[in-house]
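Trainee:
Residue numbers (my numbering): 271 to 890.
Take a look at the structure:
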């Protein structure tokens with residue numbers, strides 16, 4: 271959730287990179303979603319992770335990938351093991367929060383309020399605006415309670431990470447040895463063995479190809495292919511057709527007056543003098559005395575805004591003269607709230623003690639409770655009612671066409687009766703899903719049998735009716751059907767085998783001291799964290815840095831980018847200690863951050879090893 275907010279703080283929508291895109295949560299259709307909404311996907315030490323929580327997170331991650339990468343398809347989802355990865359993140363989050371609870375870590379209402387009120391997405395004219403806060407959360411399908419609980423958890427996790435910051439240490443010797451390793455440079459010579467060099471000489475026999483086909487039949491399986499006819503009914507089609515009476519608008523207003531109720535709000539500024547809740551008595555008294563000195567200046571008539579900018583230790587509000595905006599009861603911690611709500615407009619409080627320290631507060635406005643009049647909210651009500659009616663009309667239309675389609679056993683005929691235009695896809699497989707069919711309807715569509723018609727399937731603001739017009743079952747082709755593909759694969763694999771074999775024979779001969787005429791190329795100098803110049807990254811790259819004059823040849827043949835490489839050390843550059851001394855402090859800082867992350871990750875792994883985790887894989 272903190273990431274969710276930080277993205278908005280720096281051009282939140284534009285930088286939508288985990289900016290995670292929130293979409294309407296509809297995956298299992300109207301009926302089946304209701305049946306699954308409380309489904310438990312996993313237990314972590316007896317605490318549940320609900321399927322809804324998992325799906326919301328998975329959906330956000332998936333949509334983010336699709337927004338970034340046009341080619342992101344089902345193959346990528348499987349390759350990244352995306353569902354399992356998201357579940358692992360949720361399990362780790364649950365473990366961290368459980369550990370935090372045992373430690374007694376918590377976030378006060380005041381800390382939560384400070385965090386929320388400082389996000390620009392919730393501000394209007396530089397101040398927190400409750401109405402805007404509720405509107406933004408509603409737009410992204412969060413209730414305030416859900417959002418605040420998630421944010422509170424994020425703040426707790428952040429606090430735990432800060433504990434590990436204090437635990438991590440790096441000695442001078444360790445820093446120097448790490449610097450020396452990371453900044454050493456080697457220059458290699460290499461010989462390239464390319465499979466393409468062997469392709470022309472490979473002339474496979476028919477028997478070889480048939481055997482290869484038999485040994486690798488699963489590679490050539492042709493997946494199930496579908497052809498659909500479908501009808502999309504959007505609620506937007508009905509908006510212009512809806513006329514509302516004054517009676518309907520008034521009825522909605524009377525039935526939902528609680529929505530338009532605004533509680534009493536106090537608009538206040540504060541000056542914060544920070545002191546920890548567990549600070550020594552002497553420290554507390556010192557800070558309190560400072561607060562009283564500033565209060566004395568205020569009582570003499572000095573400007574509150576000016577003093578807030580000068581003295582307040584709440585950096586987020588100090589530059590605004592300590593302005594907290596307007597807030598109702600139930601937002602701040604009780605001690606702060608009780609004191610503030612007891613003040614009259616223009617009054618200044620005595621120092622108020624909270625977990626954050628001492629606050630001096632000035633109330634600059636009071637907004638009494640009220641219910642917004644109908645005139646003020648009429649446009650909003652019209653929009654809400656029209657959307658509700660449009661959705662209902664779209665759903666009813668979809669159901670009527672569905673009933674007709676079932677009777678006729680033909681979606682096209684049913685659509686024609688209602689003067690709706692049917693669409694048709696070409697044959698496609700699950701891996702090549704058509705863009706016009708929403709991904710979140712995939713499971714229902716794949717479960718259809720030939721001729722089968724789906725019930726209305728909801729996706730965003732539309733309903734889809736889908737009939738499986740035709741299908742080609744998955745099957746293994748005959749050898750003759752895929753002979754050319756088999757031949758191509760056989761030649762590629764054989765060429766690869768020959769290239770590697772030649773490289774290995776060459777390396778063995780060189781180790782024995784044989785003289786072989788080879789075309790050696792220099793890489794140029796590079797360090798352990800840099801790609802090998804002219805080649806790229808290699809999984810065993812760090813092992814290359816253990817080569818020396820006594821053992822110049824690398825023992826393995828490196829396969830990089832469908833080519834094979836034989837490596838030999840040419841020269842090495844050692845680290846200059848004077849360079850280290852210049853960079854020492856900055857390098858130690860970076861190394862410390864790496865150590866902090868490593869310690870935190872190791873701690874989470876320990877939690878995982880000790881935890882009792884049960885996953886219902888059948889519903890993942």
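All residues carry an ideal CB built from backbone N, CA and C; glycine is no exception.
For the stretch 751 to 769 against the stretch 511 to 525, are there 3 or more C-beta pairs whose distance is under 8 angstroms?
Mentor: no
Trainee: Should residue 319 and residue 360 be called a contact, given that it needs their Cβ atoms to be closer than 8 angstroms?
Mentor: Judged by beta-carbon spacing, residue 360 lies within the 8 angstroms limit of residue 319, meaning their Cβ atoms are closer than that value.
Trainee: Looking only at its own chain, which residues have a Cβ that is under 7 angstroms from the Cβ of residue 604, when we skip the five neighbours before and after it?
Mentor: Contacts found: none.
Trainee: In the structure shown, what three-state DSSP assignment does residue 547 receive?
Mentor: Under the three-state reduction of DSSP output, residue 547 falls in the coil class, being neither helix nor strand.
Trainee: Taking the alpha carbon of residue 801 as the reference point, which residue from 779, 773, 831 has its own alpha carbon closest?
Mentor: 831
Trainee: On the DSSP bridge assignment, give the partners of residue 312 in chain order.
Mentor: Within the DSSP bridge table, the entry for residue 312 names 319, 885 as partners.
Trainee: Along the chain, where does the alpha helix (DSSP H) containing residue 404 start, and where does it finish?
Mentor: 400 to 409
Trainee: Quick check: the Cα distance between residue 575 and residue 582, rounded to an integer number of angstroms?
Mentor: 10 angstroms
Trainee: Below 8 angstroms CB to CB, which residues in the same chain sit around residue 354 once its five sequence neighbours on both sides are set aside?
Mentor: 890
Trainee: Roughly how many angstroms separate the alpha carbons of residue 799 and residue 631, rounded to a whole number?
Mentor: 54 angstroms
Trainee: Can you tell me whether DSSP reads residue 539 as helix, strand or coil?
Mentor: strand
Trainee: How about residue 430 and residue 337: are their beta carbons less than 8 angstroms apart?
Mentor: no
Trainee: Indicate the three-state DSSP secondary structure (helix, strand or coil) for residue 593 in the structure shown.
Mentor: strand
Trainee: Based on the DSSP output, what are the partners of residue 641 in its beta bridges?
Mentor: 531
Trainee: Do residue 836 and residue 460 have their beta-carbon atoms positioned less than 8 angstroms apart in this structure?
Mentor: yes
Trainee: Taking the alpha carbon of residue 772 as the reference point, which residue from 786, 760, 759 has its own alpha carbon closest?
Mentor: From the listed residues 786, 760, 759, the smallest Cα separation to residue 772 is found for 786.
Trainee: Return the Cβ separation of residue 387 and residue 625 in integer angstroms, given the expectation that the two are a contact with Cβ distance under 8 angstroms.
Mentor: Contact flag wrong, Cβ pair sits at about 17 angstroms.
Trainee: Just to confirm my understanding: we take residue 383, look at its own chain, exclude 5 residues before and 5 after, and list those with CB closer than 7 angstroms. What are they?
Mentor: For residue 383, where only same-chain residues beyond five positions count, the Cβ hits under 7 angstroms are 601, 602.
Trainee: Just to confirm, are residue 703 and residue 344 a CB contact at a threshold of 8 angstroms?
Mentor: yes
Trainee: Report yes if the CB atom of residue 458 is closer than 8 angstroms to the CB atom of residue 838, and no otherwise.
Mentor: Result yes, Cβ atoms of residue 458 and residue 838 sit closer than 8 angstroms.
Trainee: As a quick exercise: from 558, 591, 648, 881, pick the residue whose alpha carbon is nearest that of residue 620.
Mentor: The option with the nearest alpha carbon to residue 620 is 558.
Trainee: Among 534, 506, 585, which has the Cα closest to the Cα of residue 542?
Mentor: 585
Trainee: Determine the direct distance from the alpha carbon of residue 578 to that of residue 592, and round the result to whole angstroms.
Mentor: 5 angstroms
Trainee: Between the beta-carbon of residue 775 and the beta-carbon of residue 741, is there less than 8 angstroms?
Mentor: no
Trainee: Start and end of the beta strand (DSSP E) containing residue 521?
Mentor: That residue, residue 521, is in no beta strand (DSSP E); its alpha helix (DSSP H) goes 516 to 525.
Trainee: If you run the structure through DSSP and keep just helix, strand and coil, what is residue 860?
Mentor: In this structure, residue 860 counts as helix in the three-state DSSP scheme.
Trainee: If you draw a straight line from the C-alpha of residue 464 to the C-alpha of residue 833, how long is it?
Mentor: Rounded to whole angstroms, residue 464 to residue 833 spans 5 angstroms at the Cα level.
Trainee: Using 8 angstroms as the threshold, is the stretch 403 to 413 in touch with the stretch 804 to 819, meaning 3 or more CB pairs across them?
Mentor: no
Trainee: Taking DSSP as the reference, what is the three-state secondary structure of residue 842?
Mentor: In this structure, residue 842 counts as strand in the three-state DSSP scheme.
Trainee: In the DSSP assignment, the beta strand (DSSP E) including residue 740 goes from what residue to what residue?
Mentor: 732 to 742
Trainee: With a 10 Å radius around its C-beta and 16 neighbouring C-beta atoms as the bar for buried, classify residue 373 as buried or exposed.
Mentor: exposed
Trainee: Excluding the 5 residues flanking residue 531 on each side, which residues of the same chain have their C-beta closer than 7 angstroms to its C-beta?
Mentor: 641
Trainee: Does the beta-carbon of residue 870 have 16 or more other beta-carbons within 10 angstroms, so that it is buried, or is it exposed?
Mentor: Counting other Cβ atoms within 10 Å of its Cβ, residue 870 reaches 16 or more and is therefore classed as buried.
Trainee: Consult DSSP for residue 652 and reduce its assignment to one of helix, strand or coil.
Mentor: helix
Trainee: Just how far apart, CA to CA, sit residue 479 and residue 745?
Mentor: 20 angstroms
Trainee: Given residue 737, which residues of its chain have a CB within under 6 angstroms of its CB, disregarding the five upstream and five downstream residues?
Mentor: 499, 681, 723
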